[in-house]
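Engineer: What follows is a single structure, and I will ask about it in a moment.
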Amino acid sequence: MTSPPVESGRFGPYGGRYVPETLMAALEDLTRVYAEAQRDPRFSAELEALLRDYVGRPTPLTDVPRLSAQVGAGVRVLLKREDLNHTGAHKINNTLGQALLAGRMGKRRIIAETGAGQHGVATATVCARFGLECVVYMGEEDMRRQRLNVYRMELMGARVVPVTSGTRTLKDATNEALRDWVTNVTTTHYIIGSVVGPDPFPRIVRDFQAVIGRECRRQVLERCGRLPRTVVACVGGGSNAMGVFAGFLADRDVELVGVEAAGEGLATERHAASLVRGRPGVFHGSLSYLLQDADGQVQPAHSVSAGLDYPGVGPEHAYLKDAGRVLYEAVTDRQALEAFAGLSRLEGILPALESAHAVAWVLGQPGRWQEGEVVVVNLSGRGDKDVALVAELTGAAI
Amino acid sequence: MSEHPIARRWRAIRAEGGGRERRRAALIPYLTAGYPTPATCIAALRLAEAAGADFVEVGVPFSDPLADGPTIQRSTQAALAQGITVARVLELVGEAQLGIPIVIMTYLNPVLAYGVGRFLADAHAAGASGLLLTDFPAGSDSAVEEAVAASPLALIRLIAPTTSDARLAQAVAGARGFIYFISRLGVTGARPDVPPDLGVQVRRIRAVTSLPVAVGFGISTPAQAAAAARVADGVVVGSALVDALRGGAGEPGAGLNVAERLLRDLAAAVRARGNEVPA
């Protein structure tokens, strides 16, 4: 099963364009320009060259034998190393593509939202590369937690605007970016960082991230001579997951697992498991699963990982959940921190706390896989940004 | 079928002046439901009617008001903090017992969570006449559009300066009551002037619909209201009024006094236009 056609801008009932009328023209423009770019071989050639020479693609597929031994005898775990991209995460796959689209639309001003700062950094990076003005909205609370990323963005010439409304985290940064876009829509392109927002963003971001899945499928076949039994990725908004899943959706025997943040536990209100615990609602321009109260007010999410700390999720994930094609699970802050430490010690790879959720889920499934089976984890980002936080949470003095 | 309350009010406005050349514009205040308190909000709604408002927009607070500026954001957050729910808003609308038509303004999700059919029925029963959804452009959801069309509530459509000529006809399809023209790019909130191309924009809308055209976003002073009234059929004032109500937070009634003065000045301003004749 593959994803449904998106002529309607929907994935089954999910998705859509629930935005102020002011933005409709920009969404129509983006839809048209993207369709033209998809038909233009020069566009894909330019993007491929940049991904190769600037980002460092293809990213490696790494065997992790010591971690594999913890999962089960004869089970082979492989990591798709998106952490080795330039800027340290998968986010740049999307920001490069969208920056090229902005150029085609004649827009020289770029805005973005960011939580942990990875998407903000990836956006600031491509804006520096193409000489575009860059404004990044970031919750005041997240700016405090991720000071280093704020400085990285500023070094590359971006202006980081603190967001003091609401919960002062990613959802409010997204609100503020949308408010900027409504105000400056004729000159500005909004580079959304995940497979969320109004159509056509969820499919554009998925398409730009699908390079992960294409490479990964080819690499697994070359390396192992077979398809993986299971492909696992963390899900906040869901862009790295959509990117890697895209390569395997048509392979019906490949089990796909999206891992959300269970925060302090699904029994508490402090989690970010939109698909596992939410119900459908309209948020940030599309219909999807959403953490909300009985009155339709969006509930604040919580995760130790700022990149998963989001109450919504991409509409294609909602569709894939209902269709039963992807299994959505959740792991807690504590499990993710253990996996962060485990992968670091066993393999010399510090994962982003986001990606550590996917690793944690695999570590928590003893007996699930038989000897000779292959499990791929999309390691969406590197953990350098999280080292100070992990030290603080584990009481280590650094 | 009897005449819709919103259409009836427009007809009454038209009947007031001596012919269409001297026709006045309607005053359409916006108030956030439950702000600053439920009791003061009800008092403000009644005061708006007494001061000469023709319609009133009542905002249902939403946690993530992405089309609103700081003033209305603060007011909706304050209302939510006081436990204002959709059900409570409808109670307030009923308690206010206004003689002028009420338009409920909100984002889609609180309506979806309440249940679209149930919301439409309960809002009508509470006395509301219209519905304006900020994040619900024409064509975004045919099921919800059909449900509203089949209800007694008029679906007020928003048109923006960026709405293309090609989209305009679609964007007003299914609209009832009036068209709300967003007078400028951006979020709600007071601005110092009125856009110079307002007249051109309003005429562009009149070319595709016979519904009255109200303008809003950024209109805060009587002078701006008078300027907008010269080209449009109605003028929406929101943030300035919400600010006025906040002004009296320390003293009971002081905010209401400030709001009342503003409402009376605005009502006079929309009645004193040197009229541009609709084409």
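Quick note, the sequences are listed as chains A and B, same order. For what it's worth, my numbering labels the leading residue of the first sequence as 14, then goes sequentially. For what it's worth, my numbering labels the leading residue of the second sequence as 34, then goes sequentially. Idealized CB from N, CA, C, for every residue including glycine.
1. Which bits of chain A does I215 (chain B) rub up against, with CB to CB less than 8 angstroms?
2. Note down the Cα distance separating I39 (chain B) from A187 (chain B), rounded to an integer number of angstroms.
3. Could you check how far apart the C-beta atoms of G130 (chain A) and G210 (chain A) are, in whole angstroms? I think they sit under 8 angstroms.
4. Closest to V68 (chain A) by C-alpha separation, out of A:F353, A:E95, A:A82 and A:H370, would be which residue?
5. Is the beta carbon of P313 (chain A) less than 9 angstroms from the beta carbon of K398 (chain A)?
6. Looking at the secondary structure, which residues open and close the alpha helix (DSSP H) in which V195 (chain A) lies?
7. In angstroms, rounded to a whole number, what distance separates the CA positions of L64 (chain B) and A199 (chain B)?
8. Contact criterion: CB-CB distance below 9 angstroms. Does V89 (chain B) meet it with respect to chain A?
9. Beta carbons nearer than 9 angstroms to chain A: which residues of the region 219–249 of chain B have them?
10. Applying a beta-carbon distance threshold of less than 7 angstroms, which residues of chain B neighbour S178 (chain A)?
11. Going by beta carbon distance, what residues of the same chain come within less than 7 angstroms of G251 (chain B), once the five residues before and after it are set aside?
12. So the alpha helix (DSSP H) L64 (chain A) belongs to, where does it begin and stop?
13. Does any C-beta atom of chain B lie closer than 9 angstroms to the C-beta of F296 (chain A)?
14. Would you call the CB atoms of T196 (chain A) and A193 (chain B) closer than 9 angstroms?
15. Is it a yes or a no for the region 253–265 of chain A touching the region 346–364 of chain A, going by three-plus beta-carbon pairs under 8 angstroms?
16. In terms of residue numbering, what span does the beta strand (DSSP E) encompassing K93 (chain A) cover?
17. Any beta carbon of chain B sitting closer than 9 angstroms to that of R30 (chain A)?
18. So the candidates are A:V372, A:D212, A:E273 and A:L113; which of them puts its Cα closest to the Cα of P26 (chain A)?
19. Do you know whose CA, among A:R52, A:G380 and A:L321, lies nearest H370 (chain A)'s CA?
20. Verify the CB distance criterion: does S197 (chain B) have a CB-CB separation below 9 angstroms to chain A?
21. With DSSP collapsed to three states, give me the class of F88 (chain B).
22. Run through DSSP, which three-state label would P364 (chain A) get?
23. Is V233 (chain B) buried or exposed, if buried means 16 or more other CB atoms sit within 10 Å of its CB?
24. If you count every other CB in all the chains shown that lies within 10 Å of the CB of L234 (chain A), and 16 or more means buried, which is it?
25. By DSSP's criteria, L78 (chain B) is part of a beta bridge. Which residues make up the other side?
26. Count Cβ pairs between the region 291–308 of chain A and the region 137–152 of chain B that sit closer than 8 angstroms; are there 3 or more?
27. Give me the chain A residues within the contact set of I192 (chain B), using Cβ-Cβ distance strictly less than 8 angstroms, ordered along the chain.
28. Start and end of the beta strand (DSSP E) containing P293 (chain A)?
29. Give the range of the alpha helix (DSSP H) segment to which A260 (chain B) is assigned.
30. Using a Cβ cut-off of 9 angstroms (strictly closer), state whether R283 (chain A) contacts chain B.
31. Identify the contact partners of Q305 (chain A) in chain B, using a Cβ-Cβ distance below 8 angstroms as the criterion.
32. With DSSP collapsed to three states, give me the class of Q312 (chain A).
33. Taking a cut of 7 angstroms between CB atoms, which residues from the region 159–184 of chain B lie near chain A?
Structural biologist: Considering the structure as presented:
1. P33, E34 and T35
2. 8 angstroms
3. Not really, about 19 angstroms apart at Cβ, beyond 8 angstroms.
4. A:E95
5. no
6. L183 to N197
7. 33 angstroms
8. no
9. G219 and V220
10. Q106
11. S216, R217, G222, A223 and R224
12. Premise fails: L64 (chain A) is in no alpha helix (DSSP H) and is neither H nor E.
13. yes
14. no
15. no
16. R89 to R94
17. yes
18. A:D212
19. A:L321
20. yes
21. coil
22. strand
23. exposed
24. exposed
25. L78 (chain B) is not bridged to any residue.
26. yes
27. E34
28. R292 to F296
29. P255 to A262
30. no
31. N142 and A146
32. coil
33. T167, D168, F169, P170, S173 and D174
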